[in-house]
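**Student:**
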Amino acid sequence: MPLDQTLRDRLTAIVGPTASISDPAAMAPYLHEERGLYHGKAALVLRPSSTQEVAEIVKTCAAAKLPIVPQGGNTGLCGGASPHEDGSELLLNLGRMNKVLAVDPMNFTITVQAGCILADVQRAAEEKGALFPLSLGAEGSCQIGGNLATNAGGINVLRYGNARDLVLGLEVVLPDGRIWNGLRALGKDNTGYALRQLFVGAEGTLGIITAAVLKLFPRPTEVATALCALNNLEDATKLLNRARALSGDAVTAFELIPRIGLEMCVKHIAGCSDPFQAPHPWYVLTEFSSSRPDVAIRGSFDALLETAFEEGIITDAVIAESVEQQKNLWRIRESLPEAQKFEGGSIKHDISVPVSRVPQFIADGMAAVAKHFPGVRPVPFGHLGDGNIHFNISQPVGADKAAYLARWEEMNRIVHDIVVAMEGSISAEHGIGMLKVEEMKRYKDPVELDLMRRLKQAIDPANLMNPGKVLG
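In the numbering used here, the protein residues as written are 146 to 617.
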């Protein structure tokens, strides 16, 4: 629905004419998401440059009952930052709010605006001799506000935790336009409810994150990386157990790669090659790291691989002997989502189960989808170390892509039934957005859903903050 011209002028005046976008061609990049599943419309796109501008926009929209869709780098995979198709919403993109406000290496904290690109946050920490460990494939374009709003995971969760574990304080514009300044750089603050945790993972449905205080860590002085070949998944979990014990829990990453995934990468991605002379059913990319100069990580690493080989847990391994070799091994893992695009349609699942149950889940899941969808090609990969598997199912060779993707919900139901039976989660790190709203209603505990709805009603009674997302 078109905006009243008076309201449009008021909103444009807040950000200035160059940061107010109404031309359809100029709006287009903000209106579709990464997977191409959602192509929405918006009444207007605004790009504020300050928290005060965000607050003024929200206050104005609240008075006019105009719903708002907050958006960061628009790299999400569940439609959480996409407007609906009726064009009735204002899209608020935070990309201009991209400043690093402060770095305190003594306190191991960094304070940033929500529109900071994740890679820029990492770089700012590195320049001060510190590490910001959140790392994922979209880090060159995703924004930290979106990372927090979706509680992003990535490759270092095993060692450092999700985005939720990396935030100390937030600044948030509430649905009525008030600003909550919770930018506290404290490791301990036991004065009541941890309000910041309400907004982390809420996908913009309770308020708009505009800035954050994040934890930093000492930079690793030694890193050891290897791609290990295995005959079965049970050996992968055995290897993880050995790795955590022998390293003193210095395992930074533990990533599962199936043979079919490696083959897709070698076939489609420039710079990817098979580092082994013979094929193997499964691979694990594992990495140890330490910031202690007196700890010989490589010694522990070599001891792990030697022991695992002697016990028959691994059948072969390639150890990175240089930074370039390390990058080459990681290129395989990081290229898996891109490589799958060349193989046609892929129905995706971002699930988690207890680590001990990952082998059984993958076995049961692969058998179930093969039974119901003959010829499909399961490509389970990802963060085995924390039980988060991207259980992606590529279409049968030669199948019609559109017809295959039309069975997305049917496939989800089969896989998610298995996940929930194993006391797992249907969303480990990608969030809910629009994509999994109905799945939430089906699988979430009714008491949990009721509590979530009560929070939403209490904080955003007019349902103006990213309506239709998470709870529907």
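Quick reminder that beta carbons are idealized off the backbone N, C-alpha and C, glycines included.
With distances taken from CA atoms, which of V542, A573, G444 and L319 is nearest M409?
**Tutor:** Counting from one through the sequence shown, the residue named residue 409 turns up at place 264. Out of V542, A573, G444 and L319, V542 has the C-alpha closest to the C-alpha of M409.
**Student:** Could you say which of T397, V521 and I442 lies nearest to E432 if we only look at CA atoms?
**Tutor:** As a position in the sequence shown, residue 432 is number 287, starting the count at 1. Of the candidates T397, V521 and I442, the one whose C-alpha sits nearest the C-alpha of E432 is T397.
**Student:** So is V468 buried or exposed if we call it buried at 16+ other beta carbons inside 10 Å?
**Tutor:** Locating residue 468 in the sequence shown gives position 323, where the first residue counts as 1. Exposed is the call here.
**Student:** Going by beta carbon distance, what residues of the same chain come within less than 8 Å of M146, once the five residues before and after it are set aside?
**Tutor:** Taking the sequence shown and counting its residues from 1, the one referred to as residue 146 is at position 1. Reliability fails at M146, whose pLDDT of 47 lies under 50, so the model's placement of it is uncertain and no value is given.
**Student:** Looking at the secondary structure, which residues open and close the beta strand (DSSP E) in which L281 lies?
**Tutor:** By one-based count along the sequence shown, residue 281 stands at place 136. Unbroken run through L281: none, as it is neither H nor E.
**Student:** Does the beta-carbon distance from S434 to A395 come in below 8 Å?
**Tutor:** Residue mapping note: residue 434 aligns to position 289 of the sequence shown, counting from 1. Residue mapping note: residue 395 aligns to position 250 of the sequence shown, counting from 1. Going by C-beta atoms, S434 is nearer than 8 Å to A395.
**Student:** Please check the pair T295 and H575, which I expect to be a contact at CB under 8 Å, by giving their CB distance rounded to whole angstroms.
**Tutor:** On the sequence shown, position 150 is the one that residue 295 refers to. On the sequence shown, position 430 is the one that residue 575 refers to. About 7 Å separates the two Cβ atoms, so the contact holds.
**Student:** From L609 to A200, what distance separates their C-alpha atoms?
**Tutor:** Residue numbering aside, residue 609 sits at position 464 when the sequence shown is read from its first letter. Residue numbering aside, residue 200 sits at position 55 when the sequence shown is read from its first letter. Each residue's alpha carbon lies about 14 Å from the other.
**Student:** Give the straight-line distance between the Cα atoms of V190 and A164, rounded to the nearest whole angstrom.
**Tutor:** Looking up residue 190 in the sequence shown gives position 45. Looking up residue 164 in the sequence shown gives position 19. The straight-line gap from Cα to Cα measures roughly 8 Å.
**Student:** For A374, count the other beta carbons within 10 Å of its own beta carbon; 16 or more makes it buried, fewer makes it exposed. Which is it?
**Tutor:** The count along the sequence shown starts at 1 and reaches residue 374 at position 229. Buried, since its Cβ has 16 or more Cβ neighbours within 10 Å.
**Student:** Assuming C206 is part of the alpha helix (DSSP H), what are its boundary residues?
**Tutor:** Residue mapping note: residue 206 aligns to position 61 of the sequence shown, counting from 1. Segment T196 to A209, the alpha helix (DSSP H) holding C206.
**Student:** At 4 residues or longer, and completely inside the region 287-353: list those alpha helix (DSSP H) runs for me, N to C.
**Tutor:** Complete alpha helix (DSSP H) runs here, min 4: 289-294, 302-305 and 341-344.
**Student:** In this structure, how does DSSP classify I159 when only helix, strand and coil are distinguished?
**Tutor:** The residue labelled residue 159 in the question sits at position 14 within the sequence shown. Reduced to three states, the DSSP call for I159 is helix.
**Student:** Kindly give me the distance between the Cβ atoms of I442 and E367, rounded to whole angstroms, as I take these residues to be in contact under 8 Å.
**Tutor:** In the sequence shown, counting from the first residue as 1, residue 442 sits at position 297. In the sequence shown, counting from the first residue as 1, residue 367 sits at position 222. Yes, they are in contact, since the Cβ atoms of I442 and E367 sit about 5 Å apart, within 8 Å.
**Student:** Nearest-angstrom Cα distance between C287 and L263?
**Tutor:** As a position in the sequence shown, residue 287 is number 142, starting the count at 1. As a position in the sequence shown, residue 263 is number 118, starting the count at 1. Distance between the alpha carbons of C287 and L263: 6 Å.
**Student:** If I follow the unbroken alpha helix (DSSP H) through H517, where does it start and stop?
**Tutor:** Working through the sequence shown from its first residue, we reach residue 517 at position 372. Note, H517: alpha helix (DSSP H), V503 to H517.
**Student:** For Y175, collect the residues of the same chain with a Cβ closer than 8 Å to its Cβ; drop the 5 residues on either side in sequence, then sort them by chain order.
**Tutor:** Taking the sequence shown and counting its residues from 1, one reaches residue 175 at position 30. Counting only Cβ-Cβ distances below 8 Å, and skipping sequence neighbours, we find I166, A187, V190, Q216, N219, L236 and N238.
**Student:** For A371, write down the residues that DSSP places opposite it in a beta bridge.
**Tutor:** Sequence index remark: in the sequence shown, residue 371 carries index 226 (1-based). Paired residues: T431 and I464.
**Student:** Apart from the five residues on each side of it in sequence, which residues of its chain come closer than 6 Å, Cβ to Cβ, to F446?
**Tutor:** As a first step, residue 446 is located in the sequence shown; it is residue number 301 there, counting from the start. A369 and F433, listed in sequence order.
**Student:** Evaluate N386 with the Cβ neighbour count: other Cβ atoms within 10 Å of its Cβ, from every protein chain shown; 16 or more gives buried, anything less gives exposed.
**Tutor:** Here the question's residue 386 lines up with position 241 in the sequence shown. Exposed.
**Student:** Report the three-state DSSP secondary structure of A395 (helix, strand or coil).
**Tutor:** Along the sequence shown, one-based indexing puts residue 395 at 250. Three-state result, A395: coil.
**Student:** Roughly how many whole angstroms lie between the Cα atoms of G346 and A330?
**Tutor:** Taking the first residue of the sequence shown as position 1, residue 346 is located at position 201. Taking the first residue of the sequence shown as position 1, residue 330 is located at position 185. Roughly 20 Å between the two C-alpha positions.
**Student:** Between the C-alpha atoms of L550 and I458, what's the straight-line distance to the nearest angstrom?
**Tutor:** Start at 1 with the first residue of the sequence shown, and residue 550 comes out as number 405. Start at 1 with the first residue of the sequence shown, and residue 458 comes out as number 313. Approximately 37 Å between the Cα atoms of the pair.
**Student:** Under a Cβ-count criterion, where at least 16 other Cβ atoms within 10 Å of its own Cβ denotes burial, should K614 be classed as buried or exposed?
**Tutor:** The residue given as residue 614 occupies position 469 in the sequence shown. When all chains shown are included, K614 counts as buried.
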